[in-house]
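Enquirer: Chains as they are written, first to last, in the working numbering: chain F, 18 to 464; chain A, 18 to 464.
Protein chains: 2
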Amino acid sequence: MSDHKDAARVDLDPESSPETMVGLLAGLHPADVALALERVDAETLTRVLLQLDTETAADVLINLEEHTLEDIIGILKAKEIASIAAELESDDATDVIGALEDEKRAEVLSKLEEEDRQAVLDLLQYTDESAGGIMAAELVYVNQHARVDDAIALIREATDEIDDLHNVYVIDRDRRLRGVLPLRALVLAPRGARVADVMEPDVVTVSTDMDQEDVAEVFRKYDLIAIPVVDPDGILVGRITVDDIMDVMHDEAEEDISIMAGTSEEELHEDSALKVSRIRLPWLVIGALGGLGSATVMNHYRFSLEKVLTLAFFVPVITAMGGNVGLQTSTIIVRSMRTERGLAGEAGRRLLKEWRVAITNALILGSTIYLVVGLWFGDWSLAAVVGGSLAAVILVAATLGTVMPFALRRVGVDPAVAQGPFVTTLNDIIGILVYLSLASTFIERLS
Amino acid sequence: MSDHKDAARVDLDPESSPETMVGLLAGLHPADVALALERVDAETLTRVLLQLDTETAADVLINLEEHTLEDIIGILKAKEIASIAAELESDDATDVIGALEDEKRAEVLSKLEEEDRQAVLDLLQYTDESAGGIMAAELVYVNQHARVDDAIALIREATDEIDDLHNVYVIDRDRRLRGVLPLRALVLAPRGARVADVMEPDVVTVSTDMDQEDVAEVFRKYDLIAIPVVDPDGILVGRITVDDIMDVMHDEAEEDISIMAGTSEEELHEDSALKVSRIRLPWLVIGALGGLGSATVMNHYRFSLEKVLTLAFFVPVITAMGGNVGLQTSTIIVRSMRTERGLAGEAGRRLLKEWRVAITNALILGSTIYLVVGLWFGDWSLAAVVGGSLAAVILVAATLGTVMPFALRRVGVDPAVAQGPFVTTLNDIIGILVYLSLASTFIERLS
Chain F
18 MSDHKDAARV DLDPESSPET MVGLLAGLHP ADVALALERV DAETLTRVLL QLDTETAADV
78 LINLEEHTLE DIIGILKAKE IASIAAELES DDATDVIGAL EDEKRAEVLS KLEEEDRQAV
138 LDLLQYTDES AGGIMAAELV YVNQHARVDD AIALIREATD EIDDLHNVYV IDRDRRLRGV
198 LPLRALVLAP RGARVADVME PDVVTVSTDM DQEDVAEVFR KYDLIAIPVV DPDGILVGRI
258 TVDDIMDVMH DEAEEDISIM AGTSEEELHE DSALKVSRIR LPWLVIGALG GLGSATVMNH
318 YRFSLEKVLT LAFFVPVITA MGGNVGLQTS TIIVRSMRTE RGLAGEAGRR LLKEWRVAIT
378 NALILGSTIY LVVGLWFGDW SLAAVVGGSL AAVILVAATL GTVMPFALRR VGVDPAVAQG
438 PFVTTLNDII GILVYLSLAS TFIERLS
Chain A
18 MSDHKDAARV DLDPESSPET MVGLLAGLHP ADVALALERV DAETLTRVLL QLDTETAADV
78 LINLEEHTLE DIIGILKAKE IASIAAELES DDATDVIGAL EDEKRAEVLS KLEEEDRQAV
138 LDLLQYTDES AGGIMAAELV YVNQHARVDD AIALIREATD EIDDLHNVYV IDRDRRLRGV
198 LPLRALVLAP RGARVADVME PDVVTVSTDM DQEDVAEVFR KYDLIAIPVV DPDGILVGRI
258 TVDDIMDVMH DEAEEDISIM AGTSEEELHE DSALKVSRIR LPWLVIGALG GLGSATVMNH
318 YRFSLEKVLT LAFFVPVITA MGGNVGLQTS TIIVRSMRTE RGLAGEAGRR LLKEWRVAIT
378 NALILGSTIY LVVGLWFGDW SLAAVVGGSL AAVILVAATL GTVMPFALRR VGVDPAVAQG
438 PFVTTLNDII GILVYLSLAS TFIERLS
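Quick look at the structure:
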């Protein structure tokens, strides 16, 4: 028995020999072996893998980070990859083989047994982030007229092939799904019972083309540990297990946060400053272009700013407020689109709600800033322009934050992009434009 | 059999009678009943619940959103809550009872059977977001000297009590965990075998005080569907199942995004504009105060700005860049702290890496802006001040973005706060300060 904290940490000396490393890693869980090996260079890691028995090597390989895995399979020979892939379940084998370049992929496929090759070729058809793309083809299923004994015999046969078996699926003679036999039912049922009598007939299924994020929602909603995948004709074609769903949830959360931050999780694994810089620069360039846009707007209103320099002092308040309101709004809109809970649905109703909130905040913050600026500079016309503009900018940012996610979704772009630097930058420019155009309209009243 | 999309949607007319609703909802999965009822007011929802049989009512109740659940248990009588809680597993019962006010909580507890009451009282001791706080006390365990038959008999007894049973735990006479019997092993083992001979002796466990986010990482790393929880003496006290872990992962991701956006998922369920406004205002006030701080800085450098108004035009570039660089940096630092992968660990090494990236970006963006401003305004001294300041601001923002998460962690605050509006606002002020102080130093060179 091992507590997580004790087991997890083996600090490998990257200079030691592969043999020494294999010794240090013996007996560890493959996930821990993979974690320890992440700190070793790809060449050494590959040599360590080749010293392990093939089954362990396979388990370690699929526990590596994606970028490390890609490095390793670039080094391994086609024959070595094929023998490792033969030990993997079809979904993992497909991930490995799918990451290869065309020529090497064909070579690896040619070295697989017919059945394995066909499973991988089938799975390679589906888009990466769909139910088909994450499902495994290995299934234990019985005909609805079979007995519990038959089901148990099939589980025994599948011992080597399937690691995480939770259910036996019950099908008719057209391989259409009729029910499910959880292991618990099999433990408790008399061995001679007909499976149709002990199965659960109500099964939640997903179709091969469902987006992986929606599949994850189905798992979470119904508290599932596995789900059968059916094709458009209702034919059972695969299963997805909860371990893959946890990875989906993790990846999708990372992706959302990366979009918001204008970066990418990739760079966690990147040591080269140049490469990290290349990941981050595009977003910074957007920000810089937006800043130059703001400068252009301010240059356009140069006359007003020369007359009343104090106007310029409040540009940062205006941009900060536009950015924050826009981000709050778009985040809530994107979230409610995802969960389909709360006030879901149509842009119009959401916009009305967001306007009510924005008007409240605009009144409170606008009048506060009006008072602060008035008392500070003793210039109540200036105060009115700043406070009024701030209120206007809040309304505009709320509108943009609501409309952008719907607009992005309509043109087939991930609405989450509306939470990223692009929209914040747009808000900056529009905010300054609103502010200075209002200010210049009332400029004759300003001292 | 039901495809998710067919089953999920029942649109209830909020005006119809509870009896009609009960009819429409008959046969649906409790999670779908809960989803449909989210659109109904709390009074009606409570009346619908009371018309369902207690077991269904219990399943529906725990599938409601947290805020709806709180409304409902505020309306239900103590006796009604007690009979629903009696149908729940201890972790869910604890969530329900823990959400009650003190007096009502005591009343509900007094109406529970002794065993249930004790389980809830035990679980209430643990902090909400720890392994103890999310575990269930119901366990099926056998002594290591028992036989497979005994284990199966215990599973049969637990049928009513435990919904998601995946493992039978094997203990010694001090209730210390010795191994685990997955259902699959029980299906395949001869009925007369000793459990010690068929169990898996290597079990990953977590302790009651482990943070729920760390527990989720353990699940994801080892691909678990359930984990036993042990107290500091190694005594088996509970179990956590993967359905709760999916909720943890979802909630933690929402929390991170909410922190970044300066809002809260709560508002998804809030119809009142005033209440939503109250959730968002604190972050906007921080932004407004920061903006006033920036105004103060600009006012301080009024003389320089009067002399060279064009300086003011580039304030938005400076703040946008400081904000974006700070957010990119803090996001990557917080992520690498979480996963403990990539370059983990000490602030010093991370800072060196971030500086290398920042210097690269500062050189590229600084010289680009230098060229743009120089060509645009034909004033190369101004261009040098803007480009140089931009480079300096990038370095400062990268430093702040790296140091803040470590500093926050040291004082016991969630490092993710460094990705929120507070730090971006701080970056704005510091950026303008750096920019204008550099500019005023070189002001005599500017036209």
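The beta carbon of each residue, even a glycine, is placed where N, CA and C say it ideally should be.
#1: Go ahead and pull the three-state DSSP assignment for Leu-253(F).
#2: Establish whether the CB of Thr-85(A) and some CB of chain F are separated by less than 8 angstroms.
#3: Which partner residues of Asn-184(A) appear in the DSSP bridge assignment?
#4: Please confirm whether Val-220(F) and Pro-245(F) have their CB atoms less than 8 angstroms apart.
#5: Under the three-state reduction of DSSP, which class applies to Ile-242(A): helix, strand or coil?
#6: Report yes or no: is there a C-beta of chain A within less than 8 angstroms of the C-beta of Lys-128(F)?
#7: Flag this pair as yes or no: are the beta carbons of Ala-415(F) and Val-334(F) separated by less than 8 angstroms?
#8: Run down chain A in chain order and give the residues with a C-beta less than 8 angstroms from the C-beta of His-162(F).
#9: Are Arg-201(A) and Leu-200(F) touching if we call contact CB-CB under 8 angstroms?
#10: Beta carbon of Gln-345(A), beta carbon of Gly-308(F): below 8 angstroms?
#11: Spatial neighbours of Ile-172(A) within its chain, please: CB distance less than 7 angstroms, with the 5 preceding and 5 following residues excluded, ordered by chain position.
#12: With 16 other CB atoms within 10 Å as the buried threshold, where does Gly-255(A) fall?
#13: So, do the region 253–268 of chain A and the region 417–435 of chain A have three or more beta carbon pairs nearer to each other than 8 angstroms?
#14: How would you list, in chain order, the residues of chain A whose beta-carbon sits under 7 angstroms from the beta-carbon of Phe-330(F)?
#15: Taking 8 angstroms as the threshold (beta carbon to beta carbon), is Leu-453(F) in contact with chain A?
#16: Can you tell me whether Ile-449(F) is buried or exposed, with buried defined as 16 or more other CB within 10 angstroms of its CB?
#17: Take the Cβ of Phe-320(F) as the centre, count every other Cβ of all protein chains shown within 10 Å, and call the residue buried at 16 or more, exposed below.
#18: Quick check: the Cα distance between Tyr-143(A) and Asp-226(A), rounded to an integer number of angstroms?
#19: Give the C-beta separation of Gly-304(F) and Pro-438(F) to the nearest angstrom, bearing in mind that I take them to be a contact with Cβ-Cβ under 8 angstroms.
#20: Excluding the five sequence neighbours on either side, which residues of its own chain have a C-beta within less than 7 angstroms of the C-beta of Arg-355(A), listed in chain order?
#21: Would you list the one or two residues that DSSP bridges to Ser-147(F)?
#22: Could you name the residues of the region 231–252 of chain F whose beta carbon sits closer than 7 angstroms to any beta carbon of chain A, in the order they occur along the chain?
#23: Check Glu-155(A) in the structure and name its three-state DSSP category.
#24: Does the distance from the CB of Thr-336(F) to the CB of Glu-371(F) come in under 8 angstroms?
#25: Apply the 10 Å Cβ neighbour rule to Ala-123(F) and answer buried if 16 or more other Cβ atoms are within range, or exposed otherwise.
#26: With distances taken from CA atoms, which of Ala-59(F), Leu-328(F), Asp-109(F) is nearest Glu-178(F)?
#27: Taking CB distances under 8 angstroms as the criterion, tell me whether Asp-177(F) reaches chain A.
#28: Comparing alpha-carbon positions, which option in Met-338(F), Val-332(F), Glu-323(F) lies nearest Trp-300(A)?
#29: When DSSP labels each residue in this structure, what does Arg-237(A) get in the three-state scheme?
#30: Can you tell me the Cα-Cα spacing of Leu-360(A) and Asp-288(F), whole angstroms?
#31: Identify the contact partners of Trp-397(A) in chain F, using a Cβ-Cβ distance below 9 angstroms as the criterion.
#32: Going by CA-CA distance only, name the one from Ala-75(A), Glu-87(A), Val-187(A) that's closest to Ala-99(A).
#33: If you measure from the beta carbon of Ser-457(A) to each beta carbon in chain F, is any gap under 8 angstroms?
#34: State yes or no: is the C-beta of Ala-116(A) within less than 8 angstroms of the C-beta of Leu-86(A)?
#35: On the criterion of 16 or more Cβ atoms from any shown chain inside 10 Å, does Glu-363(F) qualify as buried, or is it exposed?
#36: With H, G and I counted as helix, E and B as strand and the rest as coil, what does DSSP make of Leu-129(A)?
Expert: Checking against the coordinates, here is how it stands:
#1: If DSSP states are grouped into helix, strand and coil, Leu-253(F) belongs with the strands.
#2: No, Thr-85(A) lies away from the interface with chain F (no Cβ there is under 8 angstroms from its Cβ).
#3: Partner residues in the beta bridge of Asn-184(A), as assigned by DSSP, are Pro-199(A).
#4: It is a contact, given that the beta carbons lie within the stated cut-off.
#5: Ile-242(A): coil per DSSP, three-state reduction.
#6: In terms of beta-carbon proximity, Lys-128(F) stays away from the interface with chain A, with every pair separated by 8 angstroms or more.
#7: With respect to the 8 angstroms criterion, Ala-415(F) and Val-334(F) are not classified as neighbours on the basis of their beta carbons.
#8: Neighbours of His-162(F) on chain A: none; closest Cβ ~17 angstroms, over 8 angstroms.
#9: With contacts defined by Cβ atoms closer than 8 angstroms, Arg-201(A) and Leu-200(F) form a contacting pair.
#10: Cβ atoms of Gln-345(A) and Gly-308(F): not closer than 8 angstroms.
#11: Hits under 7 angstroms: Val-157, Leu-182, Val-185.
#12: Buried: at least 16 other Cβ atoms inside 10 Å.
#13: Output reads no: the region 417–435 of chain A does not touch the region 253–268 of chain A.
#14: What Phe-330(F) touches in chain A: Ala-312, Met-315, Asn-316.
#15: Chain A contact via Cβ: absent.
#16: Burial check for Ile-449(F): the Cβ neighbour count within 10 Å reaches 16 or more, so the residue is buried.
#17: So Phe-320(F) ends up on the exposed side.
#18: Separation of Tyr-143(A) and Asp-226(A) (C-alpha to C-alpha, rounded to the nearest whole angstrom) is 8 angstroms.
#19: Indeed they touch by this definition, with Cβ atoms about 6 angstroms apart.
#20: Nothing meets the Cβ criterion.
#21: According to DSSP, Ser-147(F) bridges with Asp-228(F).
#22: For the region 231–252 of chain F, the residues whose beta carbon sits under 7 angstroms from a beta carbon of chain A are, in order, Val-235, Phe-236, Arg-237, Lys-238, Tyr-239, Asp-240, Ile-242.
#23: In the structure shown, the three-state DSSP call for Glu-155(A) is coil.
#24: The answer is no: Cβ separation not under 8 angstroms.
#25: Exposed.
#26: In terms of Cα proximity to Glu-178(F), the closest of Ala-59(F), Leu-328(F), Asp-109(F) is Asp-109(F).
#27: Judged by the 8 angstroms Cβ criterion, Asp-177(F) is not in contact with chain A.
#28: Distance check between Trp-300(A) and each of Met-338(F), Val-332(F), Glu-323(F) places Met-338(F) closest, using alpha-carbon atoms only.
#29: Secondary structure at Arg-237(A): helix, using DSSP grouped into helix, strand and coil.
#30: In this predicted model, Leu-360(A) has a pLDDT of only 44, less than 50, meaning its place in the structure is not dependable enough to derive any value.
#31: Neighbourhood of Trp-397(A) in chain F, by CB distance below 9 angstroms: empty, with the nearest CB roughly 17 angstroms away.
#32: The candidate whose alpha carbon is nearest that of Ala-99(A) is Ala-75(A).
#33: Not one chain F Cβ lies under 8 angstroms of Ser-457(A).
#34: Yes, the Cβ-Cβ distance between Ala-116(A) and Leu-86(A) is below 8 angstroms.
#35: By the C-beta density criterion, Glu-363(F) is exposed, having fewer than 16 other C-beta atoms within 10 angstroms.
#36: The answer is coil: DSSP assigns Leu-129(A) none of H, G, I, E or B.
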